[in-house]
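Undergrad: Pasting in a structure now, in structure tokens, and then I'll have a few things to ask.
Right, here's the structure in full:
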């Protein structure tokens with residue numbers, strides 16, 4: 015089969031690799047010259063942005079020219095801009111929801127209202143706003159425990175939390191005003207306390223197949239401090255749960271995904287075909303929803319697809335045909351860590367040369383992200399550069415293997431969160447949940 019992968023990060027690199035391993039021919043649409051995707055692709059098409067009509071037309075033409083049987087959309091922007099709708103209109107199957115269904119990610123207000131309408135009690139207290147009217151009063155009802163979220167896409171960076179990013183009510187209202195002035199709606203919601211985790215499900219419009227739980231690390235610096243990022247790394251455990259979660263927590267998160275999946279059908283009349291990504295927090299009051307994404311998480315995709323025990327091409331095609339069966343994952347732990355330019359998340363360094371010693375392959379797999387390869391030289395951009403992922407029988411062994419692989423990657427002005435998946439940080443999370451429960 016001929017697959018077209020949309021996107022040019024590490025998530026798309028591993029998707030393309032697993033499709034290729036399944037015996038499929040892979041083509042790609044890129045916004046940067048990702049060396050991993052270039053190597054795997056029988057052909058590629060370069061664009062500058064997903065949101066222009068010219069880009070969408072050229073992508074469709076590229077798909078037709080190469081007799082694409084199935085499209086896999088990686089990032090959120092193409093989904094938000096209706097790329098799945100375009101392909102389905104031309105009878106090309108797509109793994110990725112339509113624009114209307116992608117509101118589960120693109121509009122936090124849509125998601126909160128959907129849960130409320132269908133009596134899915136997984137949300138904190140919240141209100142949606144288009145102006146400043148009522149914002150101050152609602153913040154007063156929440157006291158110091160509130161979060162302000164832009165009601166749209168900001169690459170994971172549109173959320174500001176009281177006490178972390180906002181140090182007074184005045185700062186909170188200033189951020190609200192900034193969102194209003196940029197023609198944005200926003201949500202103010204209750205700040206909840208606990209530990210975050212991700213649980214994703216394959217969806218074929220009628221059925222779901224759940225994946226193992228993963229914990230991402232959004233904060234830029236060790237110790238969970240610093241600005242929010244797209245994700246610095248992640249890990250999963252061999253039992254497909256996480257050390258601080260119970261069986262009930264996993265069951266509840268799966269049930270929320272299932273109920274939201276059914277609610278989307280009832281609300282839109284459309285079947286959701288793609289990846290439903292639930293971003294959850296386990297709290298003193300059970301599992302609560304932080305947000306939904308309409309695609310694989312990045313970095314979590316590296317953990318999950320590393321452990322996938324099956325044919326990704328078959329899974330993807332079955333998703334488009336409504337014939338998804340059981341999906342299996344190996345009972346191993348996995349650890350993924352990103353190498354990023356110094357300052358990533360705030361003021362990143364650019365154009366650093368990345369030196370890759372192939373010795374990394376003894377203990378880890380490598381996936382290129384926002385880098386460019388020109389004349390056999392790999393240079394960084396302002397975003398994440400390279401992800402390394404390892405798997406083993408325990409988290410500790412997988413983490414050790416990942417760290418060994420990192421020793422073979424060098425370059426100036428690079429940074430890694432080495433604390434991800436280390437015993438100390440995991441123990442801290444376990445103790446935190448023991449106190450909260």
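Residue numbers (the working numbering): 15 to 451.
The beta carbon of each residue, even a glycine, is placed where N, CA and C say it ideally should be.
#1: Nearest-angstrom Cα distance between residue 430 and residue 400?
#2: Would you call the region 259-272 and the region 235-244 in contact, with 3 or more CB pairs under 8 angstroms?
#3: Sort 297, 73, 141, 398 by Cα distance to residue 366 and report the nearest one.
#4: Whose CA, out of 206, 406, 390, 359, lies closest to the CA of residue 376?
#5: Assuming contact is defined by CB atoms lying nearer than 8 angstroms, are residue 110 and residue 309 in contact in what I supplied?
#6: So what's residue 27 in DSSP terms, helix, strand or just coil?
#7: Looking at residue 248 and residue 317, is the spacing between their C-beta atoms short of 8 angstroms?
#8: I need the straight-line Cα distance from residue 404 to residue 144, nearest angstrom please.
#9: Using CA coordinates, which residue listed in 421, 440, 66 is at the minimum distance from residue 408?
#10: Flag this pair as touching only if the region 288-300 and the region 141-158 have three or more C-beta atom pairs under 8 angstroms; answer yes or no.
#11: Is DSSP giving residue 282 helix, strand or coil here?
#12: Quick one: does the C-beta of residue 22 sit closer than 7 angstroms to a heavy atom of the ligand GTP?
#13: Using 8 angstroms as the threshold, is the C-beta distance between residue 129 and residue 259 below it?
#14: In terms of DSSP beta bridges, what is residue 68 paired with?
#15: Out of 158, 157, 154, 288, state which residue places its alpha-carbon closest to the alpha-carbon of residue 218.
#16: Using the DSSP secondary-structure output, state which residues sit across from residue 495 in a beta bridge.
#17: I'd like to know whether the C-beta atoms of residue 56 and residue 45 end up nearer to each other than 8 angstroms.
#18: May I ask you to list the residues that DSSP assigns as paired with residue 192?
#19: Which ranges does the alpha helix (DSSP H) cover as unbroken runs of at least 4 residues, wholly within the region 369-430, from first to last along the chain?
#20: What does DSSP give as the partner residues of residue 334 in its beta bridges?
#21: Using CA atoms only, rank isn't needed, just tell me which of 213, 230, 315 is closest to residue 271.
#22: With DSSP collapsed to three states, give me the class of residue 15.
#23: Could you give the first and the last residue of the continuous beta strand (DSSP E) run that contains residue 116?
#24: Can you tell me where the beta strand (DSSP E) holding residue 178 begins and where it ends?
#25: Give the straight-line distance between the Cα atoms of residue 172 and residue 82, rounded to the nearest whole angstrom.
#26: If you reduce the DSSP assignment to three classes, tell me which class residue 230 lands in.
#27: Please name the residue in 141, 134, 112, 23 whose C-alpha comes closest to that of residue 123.
#28: Taking Cβ positions, are residue 32 and residue 326 nearer each other than 8 angstroms?
#29: Pull up the distance between the alpha-carbon of residue 444 and that of residue 225, whole angstroms please.
#30: Which residue comes first and which comes last in the alpha helix (DSSP H) that contains residue 90?
#31: For residue 243 and residue 233, I'd like the C-alpha separation in whole angstroms.
#32: Between residue 29 and residue 19, how many whole angstroms is the CB-CB distance? I'm expecting something under 8 angstroms.
#33: Can you check DSSP and say which residues form a bridge with residue 143?
#34: Compute the beta-carbon to beta-carbon distance between residue 433 and residue 313, rounded to the nearest angstrom, for a pair I have assumed lies under 8 angstroms.
#35: Could you check where the alpha helix (DSSP H) with residue 307 kicks off and where it finishes?
#36: My output table needs one value for residue 246: the three-state DSSP class, helix, strand or coil.
TA: The answer reads as follows:
#1: Locating residue 430 in the chain shown gives position 416, counting from the first residue. Locating residue 400 in the chain shown gives position 386, counting from the first residue. C-alpha separation (whole angstroms): 10 angstroms.
#2: no
#3: One-based indexing of the chain shown puts residue 366 at position 352. Of 297, 73, 141, 398, the residue nearest in Cα terms is 398.
#4: Counted from its first residue, the chain shown places residue 376 at position 362. Checking every option, the nearest Cα to that of residue 376 belongs to 406.
#5: For the purposes of this step, residue 110 is identified with residue 96 of the chain shown, where counting begins at 1. For the purposes of this step, residue 309 is identified with residue 295 of the chain shown, where counting begins at 1. Taking C-beta atoms as the reference points, residue 110 and residue 309 count as a pair closer than 8 angstroms.
#6: Against the chain shown, residue 27 aligns to sequence position 13. Of the three classes helix, strand and coil, the one that applies to residue 27 here is helix, per DSSP.
#7: Mapped onto the chain shown, residue 317 falls at position 303. Mapped onto the chain shown, residue 248 falls at position 234. Residue 248 sits close to residue 317, with the two beta carbons spaced by under 8 angstroms.
#8: Indexing the chain shown from 1 puts residue 404 at position 390. Indexing the chain shown from 1 puts residue 144 at position 130. Those two C-alpha atoms are separated by around 45 angstroms.
#9: Position 394 of the chain shown, counting from 1, holds the residue named residue 408. Its Cα nearest to that of residue 408, the residue 440 stands out among 421, 440, 66.
#10: no
#11: Residue numbering aside, residue 282 sits at position 268 when the chain shown is read from its first letter. Residue state, collapsed to three classes: helix.
#12: Of the ligands one can find in the structure shown there are none, so the ligand GTP has no counterpart to examine.
#13: Here the question's residue 129 lines up with position 115 in the chain shown. Here the question's residue 259 lines up with position 245 in the chain shown. It is not a contact, given that the beta carbons lie outside the stated cut-off.
#14: For the purposes of this step, residue 68 is taken as the residue at position 54 of the chain shown. Residue 68 pairs with nothing; no bridge assigned.
#15: Numbered from 1 along the chain shown, position 204 holds the residue referred to as residue 218. It is 288.
#16: Nothing in the structure corresponds to residue 495, since the chain is present only between 15 and 451.
#17: Walking along the chain shown from the start, residue 56 turns up at place 42. Walking along the chain shown from the start, residue 45 turns up at place 31. No, the Cβ-Cβ distance between residue 56 and residue 45 is not below 8 angstroms.
#18: If you number the chain shown from 1, residue 192 lands on position 178. Looking at the DSSP assignment, residue 192 forms no beta bridge with any residue, so it has no partner.
#19: 409-420
#20: Start at 1 with the first residue of the chain shown, and residue 334 comes out as number 320. Per DSSP, none; premise fails for residue 334.
#21: In the chain shown, the residue the question calls residue 271 occupies position 257. That would be 213, whose Cα lies nearest to the Cα of residue 271.
#22: Counting from one through the chain shown, the residue named residue 15 turns up at place 1. In the structure shown, residue 15 falls within a coil segment according to DSSP collapsed to helix, strand and coil.
#23: Counting from 1 along the chain shown, the entry for residue 116 is found at position 102. First-last for residue 116: undefined, no H or E at that position.
#24: Position 164 of the chain shown, counted from the start, is the residue given in the question as residue 178. Residue 178 -> no beta strand (DSSP E), and no H or E assigned at all.
#25: As a working mapping, residue 172 is identified with position 158 in the chain shown. As a working mapping, residue 82 is identified with position 68 in the chain shown. The alpha-carbon atoms of residue 172 and residue 82 are separated by roughly 35 angstroms.
#26: For this step, residue 230 is matched to residue 216 along the chain shown. Residue 230: strand per DSSP, three-state reduction.
#27: As a working mapping, residue 123 is identified with position 109 in the chain shown. Selected option, being the one with the closest Cα: 141.
#28: Here residue 32 refers to the residue found at position 18 when the chain shown is read from its first residue. Here residue 326 refers to the residue found at position 312 when the chain shown is read from its first residue. The answer is yes: Cβ separation under 8 angstroms.
#29: Stepping through the chain shown from its first residue, residue 444 is reached at position 430. Stepping through the chain shown from its first residue, residue 225 is reached at position 211. Distance between the alpha carbons of residue 444 and residue 225 is about 22 angstroms.
#30: As a position in the chain shown, residue 90 is number 76, starting the count at 1. Annotation for residue 90: the continuous alpha helix (DSSP H) segment containing it runs 90-94.
#31: Position 229 of the chain shown, counting from 1, holds the residue named residue 243. Position 219 of the chain shown, counting from 1, holds the residue named residue 233. Near 6 angstroms, if we compare the C-alpha coordinates of residue 233 and residue 243.
#32: In the chain shown, counting from the first residue as 1, residue 29 sits at position 15. In the chain shown, counting from the first residue as 1, residue 19 sits at position 5. Yes, they are in contact, since the Cβ atoms of residue 29 and residue 19 sit about 6 angstroms apart, within 8 angstroms.
#33: The residue labelled residue 143 in the question sits at position 129 within the chain shown. Residue 143 pairs with 200.
#34: For the purposes of this step, residue 433 is taken as the residue at position 419 of the chain shown. For the purposes of this step, residue 313 is taken as the residue at position 299 of the chain shown. Not confirmed; about 15 angstroms, so no contact.
#35: Locating residue 307 in the chain shown gives position 293, where the first residue counts as 1. Segment 300-307 is the beta strand (DSSP E) holding residue 307; no alpha helix (DSSP H) there.
#36: Working through the chain shown from its first residue, we reach residue 246 at position 232. Looking at residue 246 - three-state DSSP - the assignment turns out to be coil, as it is neither helix nor strand.
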